[in-house]
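**Student:** Which chain is which? The protein sequence lines are G and Z, in order.
Taking my numbering, the leading residue of the first sequence gets 1, the next gets one more, and so forth.
Taking my numbering, the leading residue of the second sequence gets 221, the next gets one more, and so forth.
Heads up, the beta-carbon is just placed ideally off N, CA and C, and yes, glycines get one too.
Number of protein chains: 2
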Amino acid sequence: MTSAPYASRERSTKERILGAAEALFATHGFAGASLRQVTAAARVNLAAVNYHFGSKDKLIEEVFRRRLDELNTRRLAALAKVAGQEDTSLEDVLDAYIRPALDLSRNDGGAAAFVRVLARAYAEHNETLRKFLSENYGHVLRQFAGEFARLLPGLAKDEIYWRLDIVTGALTYAMADFGIIQRKSDVDERDHRETAAEHLIRFAAAGLRNPSVSTSTATR
Amino acid sequence: MTSAPYASRERSTKERILGAAEALFATHGFAGASLRQVTAAARVNLAAVNYHFGSKDKLIEEVFRRRLDELNTRRLAALAKVAGQEDTSLEDVLDAYIRPALDLSRNDGGAAAFVRVLARAYAEHNETLRKFLSENYGHVLRQFAGEFARLLPGLAKDEIYWRLDIVTGALTYAMADFGIIQRKSDVDERDHRETAAEHLIRFAAAGLRNPSVSTSTATR
DNA sequence: GTTTGAATCAAACGATCGTTTGAGAATACG
DNA sequence: CGTATTCTCAAACGATCGTTTGATTCAAAC
Chain G
1 MTSAPYASRE
11 RSTKERILGA
21 AEALFATHGF
31 AGASLRQVTA
41 AARVNLAAVN
51 YHFGSKDKLI
61 EEVFRRRLDE
71 LNTRRLAALA
81 KVAGQEDTSL
91 EDVLDAYIRP
101 ALDLSRNDGG
111 AAAFVRVLAR
121 AYAEHNETLR
131 KFLSENYGHV
141 LRQFAGEFAR
151 LLPGLAKDEI
161 YWRLDIVTGA
171 LTYAMADFGI
181 IQRKSDVDER
191 DHRETAAEHL
201 IRFAAAGLRN
211 PSVSTSTATR
Chain Z
221 MTSAPYASRE
231 RSTKERILGA
241 AEALFATHGF
251 AGASLRQVTA
261 AARVNLAAVN
271 YHFGSKDKLI
281 EEVFRRRLDE
291 LNTRRLAALA
301 KVAGQEDTSL
311 EDVLDAYIRP
321 ALDLSRNDGG
331 AAAFVRVLAR
341 AYAEHNETLR
351 KFLSENYGHV
361 LRQFAGEFAR
371 LLPGLAKDEI
381 YWRLDIVTGA
391 LTYAMADFGI
401 IQRKSDVDER
411 DHRETAAEHL
421 IRFAAAGLRN
431 PSVSTSTATR
């Protein structure tokens with residue numbers, strides 16, 4: 001076997017590190033969470049991170065790759081179900097874009113932390129991470145833009161990307177649960193996110209349907 | 221006098237520290253930017269931070285307070301010009317909410333960094349900072365919500381706050397210039413932000429005007 | 001049973017962090 | 001002027017950071 005000899009534990013050392021890192025990066029940031037905190041939370045030796053991942057930066061990359069691949073797949077699968085069909089509504093495509101992102105934080109307790117990690121990555125404004133995201137998401141975004149263009153024939157390509165950018169902003173914000181609106185203690189988190197998704201989809205649909213205005217020079 | 225004896229310099233030590241800290245916090249985060257970087261950029265001795273501000277945390281608070289007070293004032297002033305009047309449009313109120321935030325980054329080179337700092341503060345998800353922001357912005361948000369309620373009589377109060385939250389998310393995202401769409405090199409940053417403001421306002425107006433739906437069972 | 005290689009561990013490495021110190025320079029005030 | 005106060009500065013403090021080392025433990029290969 002190529003797998004770890006120590007695999008008798010519930011989860012492998014690598015997975016425990018990834019999980020702990022995800023949670024701690026979400027709450028303390030990449031620079032704020034130390035490898036000592038991470039390894040302690042994972043009940044793993046300090047040296048394990050450098051042994052399994054090489055460095056802290058590589059660990060951060062792995063945290064991203066693991067979840068992004070999943071989100072990538074889910075979004076494209078959801079889009080494939082509605083793309084190109086005659087009775088597809090704008091809300092259906094928005095749902096395919098928004099729901100997998102919000103779902104990611106419901107199905108898995110660990111993934112809930114990741115959405116905050118993702119939002120933080122945007123805030124970090126790190127050029128390396130930005131490039132990494134753009135390379136891994138460029139084709140996804142392009143596919144969605146194409147489908148939106150089909151459903152909104154009145155809008156220019158530039159305009160579509162502008163509006164998709166706004167939707168992504170609101171989605172990122174919602175995923176990270178940044179909102180001013182505090183979830184009431186008697187409301188389940190699932191329900192809260194479901195409500196957030198519904199509001200977001202309806203709001204975004206209205207914004208996207210808005211007829212285009214001749215804007216002198218389209219910049220972005 | 222209570223002012224600094226060394227005041228013969230172009231700007232005081234405190235102000236130079238604040239400016240440098242703002243810029244470095246924006247690019248490297250609060251934990252990522254060290255006081256040695258900050259003091260070096262400000263051409264100031266390392267000990268000056270603890271002498272003038274007490275600690276790094278207090279410095280962070282000061283960076284926030286300085287700009288937030290200004291944004292606070294501008295937003296309320298802009299709102300006062302249109303609130304309660306007969307011919308006020310939804311776009312006018314949105315403009316009062318959105319433009320001061322985006323303007324902050326155009327009038328002053330230093331303030332441009334702050335909008336990223338602000339966005340990062342949301343991402344940090346720090347409970348202390350969140351409380352600080354909510355205490356300093358609660359009344360502003362309430363005033364805007366009241367005006368929106370007047371212009372959108374068909375919407376419940378809860379619904380208003382939900383949608384304002386979405387607008388804030390997209391605005392935060394836009395302020396930080398997170399967008400996937402890169403600004404073309406031949407486009408001035410002022411024009412870029414102006415275009416961003418226009419898109420955001422029109423998008424948000426459409427989303428806000430969207431008639432309310434009985435929330436019970438929604439989407440899909 | 002011996003060998004082999006992967007995985008874990010305690011301990012230490014040098015670097016950098018935020019903060020403190022104490023002496024000295026610059027200004028204010030009598 | 002002399003004294004007091006404010007500010008600056010180089011240097012060092014202890015703590016913590018990411019990383020490396022070398023010995024040890026474990027499971028499988030032969």
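1) Report yes if the CB atom of Arg193 of chain G is closer than 8 Å to the CB atom of Val140 of chain G, and no otherwise.
2) Contact check, Leu171 of chain G vs Ala101 of chain G under 8 Å by CB: the rounded distance?
3) Using the three-state DSSP reduction, which class does Phe273 of chain Z fall into: helix, strand or coil?
4) Between the beta-carbon of Arg150 of chain G and the beta-carbon of Gly207 of chain G, is there less than 8 Å?
5) CB-CB under 6 Å to Ala300 of chain Z, same chain, minus the five flanking residues each way: which ones, in chain order?
6) Are the C-beta atoms of His359 of chain Z and some chain G residue less than 8 Å apart?
7) Which of helix, strand or coil does DSSP assign to Thr247 of chain Z?
8) Could you check the C-alpha separation between Ser354 of chain Z and Tyr393 of chain Z for me, to the nearest Å?
9) Would Asp95 of chain G be called buried (16 or more neighbouring beta carbons within 10 Å of its own) or exposed?
10) Of all Cβ atoms in chain Z, is any one closer than 8 Å to the Cβ of Ile166 of chain G?
11) Closer than 8 Å, CB to CB, is Gly427 of chain Z near chain G or not?
12) Please state if the CB of Val115 of chain G and the CB of Val63 of chain G are separated by a distance shorter than 8 Å.
13) Does the distance from the C-beta atom of Ala297 of chain Z to that of Arg319 of chain Z stay below 8 Å?
14) What is the rounded straight-line gap between the Cα of Val387 of chain Z and the Cα of Lys234 of chain Z?
15) Flag Leu102 of chain G as yes when its Cβ comes closer than 7 Å to any non-hydrogen atom of the ligand PLP, and as no otherwise.
16) Helix or strand or just coil, what does DSSP make of Gln257 of chain Z?
17) Under 8 Å by Cβ, that's how I've got Ala33 of chain G and Leu24 of chain G pegged, so tell me the actual separation to the nearest angstrom.
18) What span of residues does the alpha helix (DSSP H) with Glu443 of chain Z cover, start to end?
19) Hey, Val82 of chain G and Thr73 of chain G are a contact pair by Cβ (cut 8 Å); roughly how many whole angstroms apart?
20) Do we get a CB-CB distance below 8 Å when we pair Ala78 of chain G with the residues of chain Z?
21) Quick check: the Cα distance between Lys377 of chain Z and Ala261 of chain Z, rounded to an integer number of angstroms?
22) Roughly how many whole angstroms lie between the Cα atoms of Leu279 of chain Z and Phe273 of chain Z?
23) Check whether the Cβ atoms of Arg43 of chain G and Arg67 of chain G lie closer than 8 Å to each other.
24) So which residues of chain Z does Arg163 of chain G contact, with C-beta pairs closer than 8 Å?
25) So for Ala316 of chain Z, helix, strand or coil by DSSP?
26) On the three-state DSSP scale, how would you describe Asn356 of chain Z?
27) With C-beta atoms as the reference, is Leu71 of chain G less than 8 Å away from Leu104 of chain G?
28) Report all residues from its chain with a CB closer than 8 Å to the CB of Leu372 of chain Z; omit the five preceding and five following residues, and keep chain order.
29) When we look at the beta-carbon of Ala422 of chain Z and count the other beta-carbons within 10 Å, is it buried (16 or more) or exposed?
30) Could you work out which residue in G:Asp92, G:Arg65, G:Gly84 and G:Val49 is closest to Leu200 of chain G when comparing CA atoms only?
31) Please name the residue, chosen from Z:Gln257, Z:Glu306 and Z:Thr259, that lies closest to Glu367 of chain Z on a Cα-to-Cα basis.
32) Relative to the C-alpha of Gly389 of chain Z, which residue among G:Leu155, G:Ala204 and G:Ser212 is closest?
33) Using only the alpha-carbon positions, how far apart do Thr195 of chain G and Ser432 of chain Z sit?
**Tutor:** Checking against the coordinates, here is how it stands:
1) no
2) 6 Å
3) coil
4) no
5) none
6) no
7) helix
8) 18 Å
9) buried
10) yes
11) yes
12) no
13) no
14) 35 Å
15) This structure does not include the ligand PLP; it has no bound ligands of any sort.
16) helix
17) 4 Å
18) Examination of residue 443 of chain Z is not possible in this model, given that chain Z is present from 221 through 440 alone.
19) That pair is no contact at about 16 Å.
20) no
21) 47 Å
22) 6 Å
23) no
24) His419 and Phe423
25) helix
26) helix
27) yes
28) Leu310, Ile380, Leu428 and Arg429
29) Residue identity differs from the one stated: residue 422 of chain Z is Arg in this sequence, not Ala. That one is buried.
30) G:Asp92
31) Z:Glu306
32) G:Ala204
33) 13 Å
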